[in-house]
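So for the sequence shown, the numbering used here puts the first residue at 6; every next one is plus one.
We put the beta carbon where it would ideally sit given N, CA and C, even for glycine.
Read the structure below first, then the notes.
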Amino acid sequence: MDALSRSQAVIEFELDGTIVSANENFLTTLGYTLDEIVGRHHSMFVDAAYAASPEYREFWAALNRGEFRSGEFRRFGKGGKEVWIQASYNAVFDKDGKPYRVVKFAADMSESKLQMADYQGQLAAIDKAQATIEFNMDGTIRTANANFLGAVGYS
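And the structure:
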């Protein structure tokens with residue numbers, strides 16, 4: 006667990022979503038101190054509409070059943086700072102096999118998300134400014150944008 010704590014952002018919750026503890030990586034990623042988050046609910050890190058949704062309630066219900074959840078998650082740090090994480094929420098079981106806590110292991114992927122958005126913006130700009138066509142290896146046309154179609158008289 007020590008090795009994970011050094012390389013990952015780690016936070017621990019009660020089954021109801023109340024924050025129990027968090028490591029320094031987590032606190033740094035979201036911009037909080039431990040005193041600012043302990044005793045508060047996980048919903049402080051999510052959009053208010055999502056926190057009120059059936060999907061969010063089911064997320065916590067699944068964790069209470071001992072299931073895990075993993076994926077890319079959009080979260081909010083101190084001051085509303087948007088943070089994207091790759092995370093795994095894992096139920097922790099007692100000696101009788103019943104879940105009693107949830108531990109989340111996360112890695113900040115905000116920078117790569119921003120970079121991807123930048124690339125997508127560049128591609129969209131190219132698509133608007135240039136005529137482009139895409140071919141298969143055998144020369145079959147796969148796609149052509151509106152600029153290309155207009156330039157060659159197709160619609």
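Bounding residues of the beta strand (DSSP E) (the contiguous stretch that carries residue i)
i      : result
Asp113 : Pro104 to Asp113
Glu77  : Arg74 to Phe81
Closer than 8 Å to chain B by CB, residue i
i     : result
Ser26 : This model lacks chain B altogether; it includes just one protein chain.
Residue i (DSSP reduced to helix, strand or coil)
i      : result
Thr148 : strand
Ser48  : helix
Ala14  : strand
Ala8   : Confidence in Ala8 is poor, its pLDDT being 49 and thus under 50, which makes the residue's placement unreliable; the coordinate value appears in the next sentence. DSSP places Ala8 in helix when its eight states are reduced to three.
Tyr61  : helix
Thr23  : strand
Asn69  : helix
Ala134 : helix
Asn95  : strand
Residue i burial status per 10 Å Cβ neighbour count (16 or more: buried)
i      : result
Phe73  : exposed
Thr23  : exposed
Asn30  : buried
Val15  : buried
Lys100 : exposed
Ala8   : Any reading at Ala8 must be qualified, since the residue scores a pLDDT of 49, below 50, and its modelled position is unreliable; no value is offered.
Arg80  : buried
Residue from the options with nearest C-alpha to residue i
i      : options                           : result
Met49  : Glu63, Asn69 and Phe18            : Phe18
Gly82  : Thr137, Asp21, Asp113 and Asn152  : Asp113
Ile146 : Ile138, Asn152 and Phe153         : Ile138
Gln13  : Tyr94, Asp40 and Phe64            : Tyr94
Ala167 : Asp143, Ala151, Arg106 and Met142 : Since the first residue of the chain shown is 6 and the last is 160, residue 167 is not available in this structure.
Asn69  : His46, Ala111, Ser160 and Val107  : Val107
Pro104 : Gly71, Phe140 and Ala92           : Gly71
Ala67  : Val25, Ala156 and Val97           : Val97
Ser75  : Lys109, Arg45, His46 and Ala27    : Lys109
Ile42  : Ala134, Ala54 and Ser26           : Ser26
Limits of the alpha helix (DSSP H) - the one that residue i falls within
i      : result
Tyr55  : Ala53 to Ala56
Asn141 : From DSSP, Asn141 is part of no alpha helix (DSSP H); its letter is neither H nor E.
Query - At least three beta-carbon pairs within less than 8 Å, the segment 34 to 51 to the segment 84 to 95 - result: yes
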